[in-house]
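S.K.: Chains as they are written, first to last, in the numbering used here: chain A, 109 to 332; chain B, 109 to 332.
Note that CB positions come from ideal geometry on N, CA and C, so glycine has one too.
Let me give you the structure first, and then I'll get to my questions.
2 protein chains.
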Amino acid sequence: MRDGPDISRIANLIGDPARANMLEALIGGMALTATELANEAGVTPQTASAHLFKLTDGGLLTMAKHGRHRYFRIDAETAEVLESLMIFSADRQMRTRPGPRDAAMRHARVCYDHLAGEVAIAMVDSLAAQQVLVQAGETFVTGPGADEFFLRAGIDLDRLKDRRRPLCRACMDWSMRRPHLAGSLGAAIFDLVLDRKWAWRENGSRVVRFSPEGKRAFGVLFPV
Amino acid sequence: MRDGPDISRIANLIGDPARANMLEALIGGMALTATELANEAGVTPQTASAHLFKLTDGGLLTMAKHGRHRYFRIDAETAEVLESLMIFSADRQMRTRPGPRDAAMRHARVCYDHLAGEVAIAMVDSLAAQQVLVQAGETFVTGPGADEFFLRAGIDLDRLKDRRRPLCRACMDWSMRRPHLAGSLGAAIFDLVLDRKWAWRENGSRVVRFSPEGKRAFGVLFPV
DNA sequence: GTATTCCTTCGTTGCGCGTCGAAACGTAGT
DNA sequence: ACTACGTTTCGACGCGCAACGAAGGAATAC
Numbered sequence: 109m110r111d112g113p114d115i116s117r118i119a120n121l122i123g124d125p126a127r128a129n130m131l132e133a134l135i136g137g138m139a140l141t142a143t144e145l146a147n148e149a150g151v152t153p154q155t156a157s158a159h160l161f162k163l164t165d166g167g168l169l170t171m172a173k174h175g176r177h178r179y180f181r182i183d184a185e186t187a188e189v190l191e192s193l194m195i196f197s198a199d200r201q202m203r204t205r206p207g208p209r210d211a212a213m214r215h216a217r218v219c220y221d222h223l224a225g226e227v228a229i230a231m232v233d234s235l236a237a238q239q240v241l242v243q244a245g246e247t248f249v250t251g252p253g254a255d256e257f258f259l260r261a262g263i264d265l266d267r268l269k270d271r272r273r274p275l276c277r278a279c280m281d282w283s284m285r286r287p288h289l290a291g292s293l294g295a296a297i298f299d300l301v302l303d304r305k306w307a308w309r310e311n312g313s314r315v316v317r318f319s320p321e322g323k324r325a326f327g328v329l330f331p332v
Numbered sequence: 109m110r111d112g113p114d115i116s117r118i119a120n121l122i123g124d125p126a127r128a129n130m131l132e133a134l135i136g137g138m139a140l141t142a143t144e145l146a147n148e149a150g151v152t153p154q155t156a157s158a159h160l161f162k163l164t165d166g167g168l169l170t171m172a173k174h175g176r177h178r179y180f181r182i183d184a185e186t187a188e189v190l191e192s193l194m195i196f197s198a199d200r201q202m203r204t205r206p207g208p209r210d211a212a213m214r215h216a217r218v219c220y221d222h223l224a225g226e227v228a229i230a231m232v233d234s235l236a237a238q239q240v241l242v243q244a245g246e247t248f249v250t251g252p253g254a255d256e257f258f259l260r261a262g263i264d265l266d267r268l269k270d271r272r273r274p275l276c277r278a279c280m281d282w283s284m285r286r287p288h289l290a291g292s293l294g295a296a297i298f299d300l301v302l303d304r305k306w307a308w309r310e311n312g313s314r315v316v317r318f319s320p321e322g323k324r325a326f327g328v329l330f331p332v
């Protein structure tokens with residue numbers, strides 16, 4: 109007879125392979141329809157429907173009806189928990205099987221609404237070298253070079269600050285084992301990358317593909 | 109067909125009520141025998157044995173044979189993941205049932221090897237007021253008042269520093285919804301509290317009970 | 001209206017696995 | 001030696017639940 113919150117209920121929801129696949133697909137950040145999630149999980153629409161009900165009922169997903177489609181998405185907190193489970197899982201299973209698809213994933217991918225992978229780590233290192241960010245314990249805080257950088261990048265720092273969401277968050281990376289930049293600033297930078305067409309999302313996956321010019325422009329803003 | 113680590117395997121292990129109960133019992137930090145865990149989970153020894161095999165096999169538990177007993181324990185990383193699942197679960201289930209036992213749990217309890225609950229939050233606030241710690245984003249870093257405090261408390265800061273473990277960690281609290289102090293410093297302070305007999309652990313549970321004198325001495329070291 | 005697409009509900013099947021009883025194994029004590 | 005205790009293995013039971021086929025809403029398109 110335990111006391112705290114019932115942890116097994118939530119874990120059981122994530123514990124089913126089909127549901128876990130759906131959730132992982134949704135870490136990409138964009139809302140997906142029921143059939144898309146069914147394909148992602150490799151099950152029939154009926155089965156997916158049952159799973160999606162359980163997930164929304166458990167508070168892991170939110171649903172929005174748009175015409176005859178039903179869009180499901182996860183919130184940032186859920187994505188965070190899933191990512192932390194991913195690092196933990198990566199630690200305890202030596203399934204070192206770096207496939208070709210995996211390589212692209214490690215290089216640059218979406219983590220809910222910000223960048224992750226090698227590119228994200230390089231970005232953090234560059235921001236640290238420019239003293240835009242200073243790593244404080246397990247998080248980042250803005251440093252003396254911050255104002256100049258935000259001016260150069262065209263990011264309105266004040267507009268990001270008055271949100272309820274923290275400006276900087278250190279999101280642990282399961283492939284690099286190092287924290288990268290999340291929070292509203294991480295999201296803003298990712299938006300910037302997409303807006304300027306430096307990179308785009310591979311269709312339906314979490315992989316982010318940079319164009320040669322985008323890579324160059326990214327390197328200018330975030331020199332090594 | 110997903111890519112990253114298989115998250116459902118781990119989640120499935122935590123997803124069973126009996127196993128979750130065992131894991132939560134082990135968050136207390138001390139190693140427990142197989143039968144103790146069986147009682148904790150409310151199942152027979154045979155069933156517990158099967159569960160414990162799966163948990164150790166999955167890397168969530170480590171086992172040490174001591175005579176005819178087998179002691180199981182979890183490491184700090186696992187405890188951390190479980191705690192984060194607890195906050196998450198507490199958020200998404202409105203089981204507001206603050207029983208009498210629950211009240212003691214909220215007041216002061218063990219979180220693997222450091223204090224949690226109201227007392228831990230008060231401690232963090234006091235340390236912040238004394239400028240021993242400064243909250244940086246989601247973590248803590250030592251502040252200008254640190255040296256004086258450690259001298260007064262009789263904690264050898266240098267001995268803590270050269271461990272591989274981080275000195276300060278912000279451990280999120282499922283009952284208070286605020287971060288409290290974990291890491292080697294959090295553990296050292298909890299050791300100090302136990303050593304000086306200011307408080308002791310309730311038999312077998314995570315509840316920490318303070319003596320009146322202990323409460324007073326604690327209040328001297330950590331004034332409001 | 002009819003057709004089409006998306007999603008759900010119902011009913012059913014079948015596998016997985018948590019559970020326990022009985023018994024065997026290993027260690028400790030006497 | 002024998003007894004006691006903690007733990008595991010084996011075997012079997014049975015529930016739970018994921019999965020699909022078929023059919024029934026619900027919303028759009030024509």
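Rank S197(B), S192(B), V232(B), W282(B) by C-alpha distance to the C-alpha of I297(B) and give the top, closest one.
M.R.: V232(B)
S.K.: Considering only residues of the same chain and omitting the five flanking positions on each side of R286(B), which have a CB-CB separation below 7 Å?
M.R.: I229
S.K.: On the DSSP bridge assignment, give the partners of L134(A) in chain order.
M.R.: Answer is none; L134(A) lacks a bridge partner.
S.K.: For W282(A), which residues in chain B fall below 9 Å Cβ to Cβ?
M.R.: Neighbours of W282(A) on chain B, chain order: G112, P113.
S.K.: What residues are listed by DSSP as bridge partners for F180(A)?
M.R.: L140(A), M171(A)
S.K.: Compare the Cα-Cα distances from I118(A) to each of D114(B), P113(B), G112(B), P125(B) and report the closest residue.
M.R.: P125(B)
S.K.: Determine the contact status of R267(A) and G136(A), defining contact as a CB-CB distance below 7 Å.
M.R.: no
S.K.: Would DSSP call F216(B) helix, strand or coil?
M.R.: Looking at the sequence itself, residue 216(B) is Ala, so the reference to Phe does not match. If DSSP states are grouped into helix, strand and coil, A216(B) belongs with coil.
S.K.: Tell whether a beta-carbon distance below 7 Å holds between R181(A) and H159(A).
M.R.: In terms of Cβ geometry, R181(A) and H159(A) do not form a close pair [threshold 7 Å].
S.K.: In chain B, what lies closer than 8 Å to V232(A) by C-beta?
M.R.: Correct list: empty, because the minimum Cβ distance to chain B is about 14 Å.
S.K.: Name the one or two DSSP bridge partners that W308(B) has.
M.R.: R317(B)
S.K.: Since V242(A) is in the beta strand (DSSP E), which residue starts that stretch and which ends it?
M.R.: 241-244
S.K.: Look at the Cβ atom of M194(B), then the Cβ atom of I263(A), and state whether they are nearer than 7 Å.
M.R.: no
S.K.: May I ask which residues mark the beginning and end of the alpha helix (DSSP H) holding R267(A)?
M.R.: 265-269
S.K.: CA-CA distance, P323(B) and A146(B)?
M.R.: The residue you asked about is not Pro; residue 323(B) is Lys in the sequence shown. For K323(B) and A146(B), the distance between alpha carbons rounds to 34 Å.
S.K.: Could you name the residues that DSSP lists as bridge partners for F248(A)?
M.R.: Q243(A)
S.K.: Would you check if the region 277-295 of chain A and the region 240-253 of chain A touch, i.e. whether three or more CB-CB distances between them fall below 8 Å?
M.R.: yes
S.K.: Let me see if you follow: with CB-CB separation under 7 Å, is S157(A) close to chain B or not?
M.R.: Not one chain B Cβ lies under 7 Å of S157(A).
S.K.: Does the beta carbon of T247(A) sit closer than 7 Å to a beta carbon anywhere in chain B?
M.R.: yes
S.K.: Within the same chain, show all residues whose beta-carbon is closer than 8 Å to that of L241(B), passing over the 5 residues directly before and after it, in chain order.
M.R.: For L241(B), same chain residues with a beta-carbon under 8 Å away, outside a window of 5 residues either side, are V232, L235, F248, V249, T250, G251, A254, C276, L289 in chain order.
S.K.: Cβ of F196(B) less than 7 Å from any chain A Cβ?
M.R.: yes
S.K.: Do you know how far the Cα of G167(B) is from the Cα of R200(A)?
M.R.: Between R200(A) and G167(B), the C-alpha separation is close to 6 Å.
S.K.: Just confirm the distance between the C-beta atoms of V316(B) and R309(B), as a whole number of angstroms; I'd bet it's less than 8 Å.
M.R.: Contact annotation, V316(B) with R309(B): C-beta distance approximately 6 Å; criterion of less than 8 Å satisfied.
S.K.: Grab the span of the alpha helix (DSSP H) containing R117(A) for me, first residue to last.
M.R.: 115-123
S.K.: Run through chain A and tell me which residues come within less than 8 Å of E310(B), C-beta to C-beta.
M.R.: Result: empty, since nearest Cβ-Cβ is about 11 Å, beyond 8 Å.
S.K.: Cα separation between K173(A) and F257(A)?
M.R.: Cα to Cα, the separation comes out at about 41 Å.
S.K.: On the DSSP letters alone, give me the boundaries of the alpha helix (DSSP H) that R260(A) sits inside.
M.R.: 254-261
S.K.: Taking only beta-carbon positions, decide if N120(B) is within less than 7 Å of chain A.
M.R.: yes
S.K.: With 16 other CB atoms within 10 Å as the buried threshold, where does E191(A) fall?
M.R.: Buried, since its Cβ has 16 or more Cβ neighbours within 10 Å.
S.K.: Taking the beta strand (DSSP E) that M280(B) falls in, what are its first and last residues?
M.R.: 277-280
S.K.: Comparing alpha-carbon positions, which option in T164(A), A142(A), E148(A) lies nearest Q154(A)?
M.R.: A142(A)
S.K.: Are the Cβ atoms of D299(A) and A224(A) separated by less than 7 Å?
M.R.: no
S.K.: Alpha carbons only, please: which of L134(A), V332(A), W306(A), L329(A) is nearest the one belonging to V189(A)?
M.R.: The residue from L134(A), V332(A), W306(A), L329(A) with its alpha-carbon nearest to that of V189(A) is L134(A).
S.K.: Taking DSSP as the reference, what is the three-state secondary structure of P274(A)?
M.R.: coil
S.K.: Looking at the structure shown, is P153(B) part of a helix, part of a strand, or coil, going by DSSP?
M.R.: helix
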